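Report on the following structure.
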Amino acid sequence: VAARKQAVRKTAAARKKTASKKKAGADKRTAGKKPAARSASGKQTAAKQAAPRQAAAKKPAAKTTARKKTARKTTSKAAALRKPTRLGNSALLEEIEALAKLMEEHALIDVSFAVDASGTKEIHVSRGGIPGIAHGALAQPVAAPVLAQTPASDANEDAPEQKFEESLHAFVSPMVGTFYRAPSPESPAFVSVGDHVEPTGPVCIIEAMKVMNEITPDVGGDIVSIEVENGEAVEFGQTLMLIRLR
Amino acid sequence: LSVFRRILIANRGEIALRVIRACKAMGIESVVVYSEADRDASYIELADEAVCIGAPKAAKSYLDTNRVIAAAEITDSDAIHPGYGFLSENSRFVEVVEACGFTFIGPPASVIASMGDKNTARAMAREADVPIVPGSDGIVGTEDEAKLIADELGYPVMVKATAGGGGRGMRLVQSPGELLTAFHSARSEADLAFGNPDVYIERLVTGPRHVEIQIIGDEHGNLVHLGERECSIQRRHQKLLEESPSMALDPELRERMGAAAVELCRRAGYQNAGTVEFLVDDRRRFYFMELNARVQVEHPVTEMVTGIDIVQEQIRVAAGLPLSFRQEDVRLEGASIECRINAEDCDHDFRPSCGLIKRMFHPGGTGVRFDTHAYGGYTISPHYDSMIGKLVVHAPTRDEAIGRMQRALEECVIEGIATTVPFHRKILDDPRFRSGDYDTSFIAGMQTDEEAP
Numbered sequence: 001v002a003a004r005k006q007a008v009r010k011t012a013a014a015r016k017k018t019a020s021k022k023k024a025g026a027d028k029r030t031a032g033k034k035p036a037a038r039s040a041s042g043k044q045t046a047a048k049q050a051a052p053r054q055a056a057a058k059k060p061a062a063k064t065t066a067r068k069k070t071a072r073k074t075t076s077k078a079a080a081l082r083k084p085t086r087l088g089n090s091a092l093l094e095e096i097e098a099l100a101k102l103m104e105e106h107a108l109i110d111v112s113f114a115v116d117a118s119g120t121k122e123i124h125v126s127r128g129g130i131p132g133i134a135h136g137a138l139a140q141p142v143a144a145p146v147l148a149q150t151p152a153s154d155a156n157e158d159a160p161e162q163k164f165e166e167s168l169h170a171f172v173s174p175m176v177g178t179f180y181r182a183p184s185p186e187s188p189a190f191v192s193v194g195d196h197v198e199p200t201g202p203v204c205i206i207e208a209m210k211v212m213n214e215i216t217p218d219v220g221g222d223i224v225s226i227e228v229e230n231g232e233a234v235e236f237g238q239t240l241m242l243i244r245l246r
Numbered sequence: 001l002s003v004f005r006r007i008l009i010a011n012r013g014e015i016a017l018r019v020i021r022a023c024k025a026m027g028i029e030s031v032v033v034y035s036e037a038d039r040d041a042s043y044i045e046l047a048d049e050a051v052c053i054g055a056p057k058a059a060k061s062y063l064d065t066n067r068v069i070a071a072a073e074i075t076d077s078d079a080i081h082p083g084y085g086f087l088s089e090n091s092r093f094v095e096v097v098e099a100c101g102f103t104f105i106g107p108p109a110s111v112i113a114s115m116g117d118k119n120t121a122r123a124m125a126r127e128a129d130v131p132i133v134p135g136s137d138g139i140v141g142t143e144d145e146a147k148l149i150a151d152e153l154g155y156p157v158m159v160k161a162t163a164g165g166g167g168r169g170m171r172l173v174q175s176p177g178e179l180l181t182a183f184h185s186a187r188s189e190a191d192l193a194f195g196n197p198d199v200y201i202e203r204l205v206t207g208p209r210h211v212e213i214q215i216i217g218d219e220h221g222n223l224v225h226l227g228e229r230e231c232s233i234q235r236r237h238q239k240l241l242e243e244s245p246s247m248a249l250d251p252e253l254r255e256r257m258g259a260a261a262v263e264l265c266r267r268a269g270y271q272n273a274g275t276v277e278f279l280v281d282d283r284r285r286f287y288f289m290e291l292n293a294r295v296q297v298e299h300p301v302t303e304m305v306t307g308i309d310i311v312q313e314q315i316r317v318a319a320g321l322p323l324s325f326r327q328e329d330v331r332l333e334g335a336s337i338e339c340r341i342n343a344e345d346c347d348h349d350f351r352p353s354c355g356l357i358k359r360m361f362h363p364g365g366t367g368v369r370f371d372t373h374a375y376g377g378y379t380i381s382p383h384y385d386s387m388i389g390k391l392v393v394h395a396p397t398r399d400e401a402i403g404r405m406q407r408a409l410e411e412c413v414i415e416g417i418a419t420t421v422p423f424h425r426k427i428l429d430d431p432r433f434r435s436g437d438y439d440t441s442f443i444a445g446m447q448t449d450e451e452a453p
């Protein structure tokens, strides 16, 4: 049971990341075409312009999520209480309370919780794709591809779950610098849209302090789009490419 | 006469905003770097450009030389202002900045390196005939040595651990009879606390006041002092309130301390803005403590009484221009007080109080200046310093300045978090503070008084 709980927590954390970064990714996509720095007017970077919008976009969605969460919590609790169990009701309640708190913390919207007669618990949590969600303010985020956006340097801890087969991953810059698609001006580009990439080889270069840093993506998949122009300045956390996970 | 076209500010919060303002006044473009924790801070919007350089943890953003330099490169900045804290007194950073072709707005790397080392700084002071607290030349290892040195210095003396801090491994010795007990207990306490039993002996500075001299110099050999700041209102060595002029100084002592500070800096090859910290005892003798090779938090106090914009002057001299004034042009006019507004709960041992500022009213009016990056709706992140603003007043006399500060503190509304505002009101009401006759024990004494019935 402990191990299972651990697993739940981990999944929850990974999905939270996916969910919260999703909007950032989506916003940056619209703004990302402009040069990050050195914009013609010398006024603010693209990412910065995206920031307020991002904050504004976050609010209504978060509210809906919270409401949804409450509803689910109640039903789960009711359902679980009806089940025969060896656990005392108060102990079970405590567990459910803890789960509800976890949902709150990690912005989860669906948790099913079952206890069979032997006391074995079955816990399932998810962040999207549940029935009855395709209406209201949540319709849009669900319709949009799910983006997992993590700096490449943290690749190992934050590798998205296998379950998001149809999702897009925003591969973001792990550093500040200048983005190049090829190792030298004469060389062909490392990758193009449609190419399959693996987290083992470089897909671009970011030059910082006269050092050419070869950047490897944090995930494997197919490149859906390249979000920055060759020679463009990028900042930390800026989306470089969208990768469809297989 | 070209100064810089674009300056990158390698800092955050209040001081980043301060430098942005100086840049705007001089018609220079400003670039701020920020961490993900500061993404929504509104001062960022005031800069001409902003670059996210990393994660909230300072080591992965504001303290990372490579990220700062890379941001300067992609924004075509020509100079870097480090503010205070973070990389401001990191000589290695300064070397990299210069090697990459940017101008560092601050003293040369070599000066930062030598002044950062206490022993070198003390040796330099000795050479410059600047008084230092009399004491042993390094570690005192034996009982006989201790006796000899203490007799030579004259009682009372302090036995201090070289690795010490926070009062541990420190003993006050009033008379020869107490010396050996203190010597041994300081050693064993230091060994336990820091794993190093080494101690040195210093003459006790009685009734110490912390008074510092602001200096600024250019590369043409001009070096000027801008008078003093009285910083004795400290809690655990953290300054809380500063004022200028100091009630402990008269024109003659100010002149001597200023000259000593300038001489020390001249010998060190100092350029740009810096501060020489002194202790002044109850007999008005002064002793060199250390040189801070950066613009300091409390610099506005000096700006108010001299009318000189220290940050703008820093930028000018970094660009190679001569100082825009000479020593004889510097006049201290009126009195200025600064209260540091920290997000700290003074009723609970000044513990940090992070979170959302629900509502905030900025005090203002004649002679009031509030340097802050905070506002209603701003969230104080736990990642950085708890200082959220500096409330500064200026008035013709000290009494008027105190009155003005009381009014400003009354106007200052910050809801949602605990701040040091109520504590500052207590300080300003205290008769000892009002008399001007206080030393570095002021806050400890105030708190003891409160506990007594």
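Protein chains in written order, with the working numbering: chain G, 1 to 246; chain H, 1 to 453.
Cβ coordinates follow ideal geometry from the N, Cα and C atoms, glycine included.
Quick caveat: nothing in here was measured; it's all calculated off a predicted structure.
| Check | Outcome |
| --- | --- |
| Check distances from the C-beta atoms of the segment 170 to 189 of chain G to those of chain H and list, in chain order, the residues that come in under 8 angstroms. | 175, 176, 177, 178 |
| Between the segment 224 to 237 of chain G and chain H, which residues of the former have CB atoms less than 7 angstroms from a CB of the latter, in chain order? | 233, 235, 236, 237 |
| Looking at the structure shown, is residue 255 of chain H part of a helix, part of a strand, or coil, going by DSSP? | helix |
| I need the straight-line Cα distance from residue 4 of chain H to residue 283 of chain H, nearest angstrom please. | 47 angstroms |
| To the nearest angstrom, report how far apart residue 28 of chain G and residue 18 of chain H are at their CA atoms. | Since pLDDT at residue 28 of chain G reaches only 35, below the 50 mark, its modelled position is unreliable, and the value read off the structure follows with that caveat. Roughly 30 angstroms separates the two Cα atoms. |
| Go through the segment 71 to 141 of chain H residue by residue and report every complete run of the beta strand (DSSP E) that reaches 3 residues or more, in order. | 79 to 81 |
| Is the distance from the Cβ of residue 204 of chain H to the Cβ of residue 215 of chain H below 8 angstroms? | no |
| Any idea what DSSP makes of residue 187 of chain G, helix, strand or coil? | coil |
| In whole angstroms, what is the alpha-carbon distance linking residue 304 of chain H and residue 252 of chain H? | 22 angstroms |
| For residue 122 of chain H, which residues in the same chain have their Cβ closer than 7 angstroms to its Cβ, ignoring the five residues on either side in sequence? | 132 |
| Using a Cβ-Cβ cutoff of 8 angstroms, what residues of the segment 134 to 146 of chain H are near chain G? List them in chain order. | none |
| By the three-class DSSP mapping on this structure, what secondary structure does residue 43 of chain H have? | helix |
| Cα separation between residue 334 of chain H and residue 205 of chain G? | 58 angstroms |
| Pick out the complete alpha helix (DSSP H) segments inside the segment 174 to 233 of chain H, 4 residues or longer, and give them in chain order. | 179 to 194 |
| Can you grab the Cα-Cα spacing for the pair residue 243 of chain G / residue 216 of chain G, in whole Å? | 13 angstroms |
| Name the DSSP beta bridge partners of residue 394 of chain H, please? | H:336 |
| Shortest alpha-carbon distance to residue 347 of chain H belongs to which of H:355, H:419, H:286? | H:419 |
| Taking residue 18 of chain H as part of the alpha helix (DSSP H), name the residues at either end of that continuous run. | 13 to 26 |
| In the DSSP assignment, find the unbroken beta strand (DSSP E) run with residue 170 of chain G in it and report its ends. | 168 to 172 |
| If you follow the alpha helix (DSSP H) that residue 317 of chain H is in, where does it begin and where does it stop? | 310 to 318 |
| Can you give the Cα-Cα distance for residue 223 of chain G and residue 213 of chain G, rounded to whole angstroms? | 20 angstroms |
| Should residue 210 of chain G be labelled buried (16 or more other beta-carbon atoms within 10 Å of its own) or exposed? | exposed |
| For residue 98 of chain H and chain A, any beta-carbon pair shorter than 8 angstroms? | Of the chains in the structure shown, none is chain A; the protein chains are G and H. |
| If you measure beta-carbon to beta-carbon, which residues of the segment 189 to 219 of chain G are closer than 7 angstroms to chain H? | 208, 209 |
| Using a Cβ-Cβ cut-off of less than 7 angstroms, give me the residues of the segment 199 to 213 of chain H that come near chain G, in sequence order. | none |
| For residue 58 of chain H, would you say it is in contact with chain G, using Cβ-to-Cβ distances shorter than 8 angstroms as the test? | no |
| Please name the residue in H:422, H:450, H:433, H:447 whose C-alpha comes closest to that of residue 401 of chain H. | H:433 |
| When you compare only the Cα positions, how much space is there between residue 241 of chain G and residue 103 of chain H? | 35 angstroms |
| From the DSSP output, which residues share a beta bridge with residue 196 of chain G? | G:222 |
| Return no unless some Cβ of chain G is closer than 8 angstroms to the Cβ of residue 66 of chain H. | yes |
| Tell me whether the segment 189 to 206 of chain H and the segment 223 to 238 of chain H touch, counting them as touching only if at least three CB pairs, one residue from each stretch, are closer than 8 angstroms. | no |
| Tell me residue 380 of chain H's beta-bridge partners as DSSP assigns them. | H:355 |
| For the 8 angstroms Cβ check, are there 3 or more pairs between the segment 185 to 192 of chain G and the segment 5 to 13 of chain H? | no |
| Please report the distance separating the alpha-carbon of residue 135 of chain H from that of residue 364 of chain H. | 47 angstroms |
| Could you give the distance in angstroms between the alpha-carbon of residue 94 of chain H and the alpha-carbon of residue 246 of chain G? | 47 angstroms |
| Indicate the three-state DSSP secondary structure (helix, strand or coil) for residue 389 of chain H in the structure shown. | strand |
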